[in-house]
Every structure is written in structure tokens, then in C-alpha cells.
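Residue numbers (my numbering): 1016 to 1321.
The beta-carbon is built from N, C-alpha and C at its ideal position, and this holds for glycine as well.
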């Protein structure tokens, strides 16, 4: 409610009342009014601070995507050049067919279809890059985790071809859709997959990086990235997701800290496990579409970074 001060100014207030009883007989009520101006100002300041934090998180995420694209630029140039080279070669074949005395129309049609297929391939590569670079991120939506992981695997093809084992994806059948930002989730998945590929290369491992997705607890989807690389130092557990901590010779230590921030903003959890044998396991969880509350906690035996 709005109340009036002695000086004529208005202020917001809340009130509460309690009955005044004498035995079972009501003799009146005690009414207390409280000025909540400061409470509302603090609430507004908190909302503004949250908005600033969200904006800075989005800016950092976009800067990280730009950095990732810079690292992968040469590979993407090669990926785009392959279908363009194929298109040029098929175009020359089509030209020779047309210059013949009796053009083979069936062969010409087949050649033109190959040109179309290669143009779609180049277009798909550009589409992935444009979506990944989108600013701001597209916001939460209902999405398929298997489809997103396959799209991420194709996106990481420029790194995968440097690893003998490659990347293998296995997802549970009929996996529920999740509610999350597809760009930011793909950013996290790509970061973990690239880290796993790099660790595998460093160890000389020929085993594939294993990416799995399954339902946990009935309301969360858990994505796991397993490598058989060099593993994690014993002293890394408490610092691994902190800003500016890195186990690499190069790098700023921003990637995993940003992954934690992005996943937590989706209502999920992120962490790692030490497997039996070589390598490391990283995971993140996302709430399924329609999940209530905050159902995604760390799995048993895992180190969560909440």
C-alpha cells in the first residue's frame, strides 16, 4: 500500500494485523505498518545486478566462441574448400558432357545432383558456424540432445580428423527433450569434446572419445564425455573449474569456468569423475522439458562444481 508521511511525501508500506483477545473475547486488533522503501530499493538493485551478471556472462560466452572459431578457422577453411573444389570438378565434367556430340543426359543429371549435394554440404558448414557465432545466444528452447550432440560432432570434425580414434556418440533410445539454450549447450559440449581430443592426442591414445547421453533421476539428461588421455592431476579437483586455472601449457583457463557458468544458468550441473584406468570423465546435466524445481544434482561418486 502507499502511505503519506508528515511532510506530504508518499512511501510504500506493508502491514500485518493480529487479534487482541481476552480469553475467547475479541477486544480489537494490533495493526503494524512498515516502511518497505529500502526493501524495494534493495530488490531493484539486486535485479539490476543480476541483469548485469547475465549480460557479462553472455558477452564472455560470445568472446569464447569467437576465440574457438579463431582456433578452428584453418580447419573450417579446409572443410568449406572441399565441397567447393568438388563443385568445380563436377562443373567441368558437366561442361564436357554438354560439349559432346550426343550428351548423356542421365550422366549429366547425376553430375548436377552431385553439385547440388556438395553445395548443401558447404551451406551446412556455414550454417553451423553462423549459429554458433550468434550473438546473443538464442535463449532457452525445447531441444533434442542426440541431435545437438551429432551436430556438435560434425562441428568438431576439424579436430576429430587429427585423432585416430575419433568420436563415438551413444544415446539412450527415446531420450526426453530438454529445455536449454542450444548455442550455449553446444558451446559446452564442444569445449569438453575438444579437450578430450587434445588429451587423447597428448597421450598418443588411439581409443575414441566416448560421448554418451542418458536419463538420470527421471527429470535430467546427463551428457558424459570420456577420454583415455593423460588424465587429471591429483591437485586439480578443487581448482579445475576456477577462472584462470589450466592444466595446459597454453590457454587462459577460461573454458571450464565458463562451461560451469553456462550450465548452471540452464539449471544443470557440471563436474568430473576419475575413471578406472587412463583418462578422464566430464559430465553435465540438463533438466528435461517440463521438469519442476531444480532436479539436476551431481551423480553419486562424482565431483560437482556447484
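Residue i versus residue j: straight-line alpha-carbon distance, rounded
{"i": "residue 1179", "j": "residue 1295", "result": "18 Å"}
{"i": "residue 1326", "j": "residue 1117", "result": "Because the chain spans 1016 through 1321 in this model, residue 1326 falls outside it and cannot be assessed."}
{"i": "residue 1268", "j": "residue 1021", "result": "Per-residue confidence for residue 1268 stands at a pLDDT of 45, beneath the threshold of 50, marking its modelled position as unreliable; the derived number appears in the next sentence. Cα to Cα, residue 1268 sits roughly 58 Å from residue 1021."}
{"i": "residue 1114", "j": "residue 1173", "result": "38 Å"}
{"i": "residue 973", "j": "residue 1130", "result": "Outside the displayed range of the chain (1016 to 1321) lies residue 973, so it cannot be described from this structure."}
{"i": "residue 1140", "j": "residue 1198", "result": "15 Å"}
{"i": "residue 1220", "j": "residue 1181", "result": "10 Å"}
{"i": "residue 1205", "j": "residue 1167", "result": "6 Å"}
{"i": "residue 1097", "j": "residue 1213", "result": "24 Å"}
{"i": "residue 1050", "j": "residue 1025", "result": "10 Å"}
{"i": "residue 1266", "j": "residue 1311", "result": "Its pLDDT being 48, under 50, residue 1266 is placed unreliably by the model, and the measurement read from it follows with that caveat. The alpha-carbon atoms of residue 1266 and residue 1311 are separated by roughly 30 Å."}
{"i": "residue 1320", "j": "residue 1196", "result": "Note that residue 1320 scores 48 on pLDDT, short of 50, meaning its location in the model is unreliable and no value can be drawn from it."}
{"i": "residue 1048", "j": "residue 1031", "result": "7 Å"}
{"i": "residue 1040", "j": "residue 1055", "result": "38 Å"}
{"i": "residue 1288", "j": "residue 1248", "result": "12 Å"}
{"i": "residue 1052", "j": "residue 1027", "result": "6 Å"}
{"i": "residue 1165", "j": "residue 1123", "result": "33 Å"}
{"i": "residue 1190", "j": "residue 1154", "result": "22 Å"}
{"i": "residue 1306", "j": "residue 1156", "result": "13 Å"}
{"i": "residue 1057", "j": "residue 1246", "result": "46 Å"}
{"i": "residue 1023", "j": "residue 1017", "result": "12 Å"}
{"i": "residue 1065", "j": "residue 1274", "result": "18 Å"}
{"i": "residue 1060", "j": "residue 1029", "result": "20 Å"}
{"i": "residue 1297", "j": "residue 1231", "result": "15 Å"}
{"i": "residue 1121", "j": "residue 1128", "result": "11 Å"}
{"i": "residue 1062", "j": "residue 1033", "result": "33 Å"}
{"i": "residue 1177", "j": "residue 1092", "result": "16 Å"}
{"i": "residue 1044", "j": "residue 1038", "result": "14 Å"}
Per-residue burial, residue i [other beta carbons within 10 Å of its own, 16 or more giving buried]
{"i": "residue 1278", "result": "buried"}
{"i": "residue 1271", "result": "buried"}
{"i": "residue 1145", "result": "exposed"}
{"i": "residue 1290", "result": "exposed"}
{"i": "residue 1126", "result": "buried"}
{"i": "residue 1175", "result": "buried"}
{"i": "residue 1286", "result": "buried"}
{"i": "residue 1210", "result": "buried"}
{"i": "residue 1222", "result": "buried"}
{"i": "residue 1281", "result": "buried"}
{"i": "residue 1302", "result": "buried"}
{"i": "residue 1046", "result": "exposed"}
{"i": "residue 1067", "result": "exposed"}
{"i": "residue 1337", "result": "Given that the chain is displayed from residue 1016 to residue 1321, the structure contains no residue 1337 and the question cannot be resolved."}
Coil, strand or helix - residue i by DSSP
{"i": "residue 1164", "result": "helix"}
{"i": "residue 1033", "result": "strand"}
{"i": "residue 1221", "result": "coil"}
{"i": "residue 1117", "result": "coil"}
{"i": "residue 1185", "result": "strand"}
{"i": "residue 1273", "result": "helix"}
{"i": "residue 1192", "result": "coil"}
{"i": "residue 1293", "result": "coil"}
{"i": "residue 1125", "result": "helix"}
{"i": "residue 1025", "result": "strand"}
{"i": "residue 1208", "result": "helix"}
{"i": "residue 1042", "result": "strand"}
{"i": "residue 1288", "result": "strand"}
{"i": "residue 1156", "result": "strand"}
{"i": "residue 1302", "result": "strand"}
{"i": "residue 1171", "result": "coil"}
{"i": "residue 1067", "result": "helix"}
{"i": "residue 1198", "result": "helix"}
{"i": "residue 1237", "result": "strand"}
{"i": "residue 1049", "result": "strand"}
Contact belief for residue i with residue j at Cβ below 8 Å, rounded distance in angstroms
{"i": "residue 1390", "j": "residue 1158", "result": "Residue 1390 lies beyond the residue range present for the chain, which begins at 1016 and ends at 1321; the question has no answer from this structure."}
{"i": "residue 1240", "j": "residue 1208", "result": "6 Å"}
{"i": "residue 1142", "j": "residue 1170", "result": "Not quite, the Cβ-Cβ distance comes to about 10 Å (not below 8 Å), so this is no contact."}
{"i": "residue 1137", "j": "residue 1095", "result": "6 Å"}
{"i": "residue 1163", "j": "residue 1200", "result": "6 Å"}
{"i": "residue 1242", "j": "residue 1224", "result": "5 Å"}
{"i": "residue 1215", "j": "residue 1244", "result": "4 Å"}
{"i": "residue 1218", "j": "residue 1304", "result": "That belief does not hold up - the Cβ atoms of residue 1218 and residue 1304 are roughly 38 Å apart, past 8 Å."}
Spatially closest choice to residue i from the options, by CA coordinates
{"i": "residue 1284", "options": "1034, 1155, 1300 and 1293", "result": "1300"}
{"i": "residue 1184", "options": "1123, 1229 and 1044", "result": "1229"}
{"i": "residue 1194", "options": "1211, 1215, 1225 and 1160", "result": "1160"}
{"i": "residue 1100", "options": "1067, 1134 and 1120", "result": "1134"}
{"i": "residue 1202", "options": "1276, 1218, 1231 and 1246", "result": "1276"}
{"i": "residue 1236", "options": "1037, 1309 and 1035", "result": "1309"}
Within-8 Å CB hit, residue i to chain B
{"i": "residue 1223", "result": "The displayed structure is made up of one protein chain only, and chain B is not part of it."}
Residue i CB to nearest heavy atom of the ligand FMN below 7 Å
{"i": "residue 1118", "result": "With respect to the ligand FMN, the structure offers nothing, as it holds no ligand at all."}
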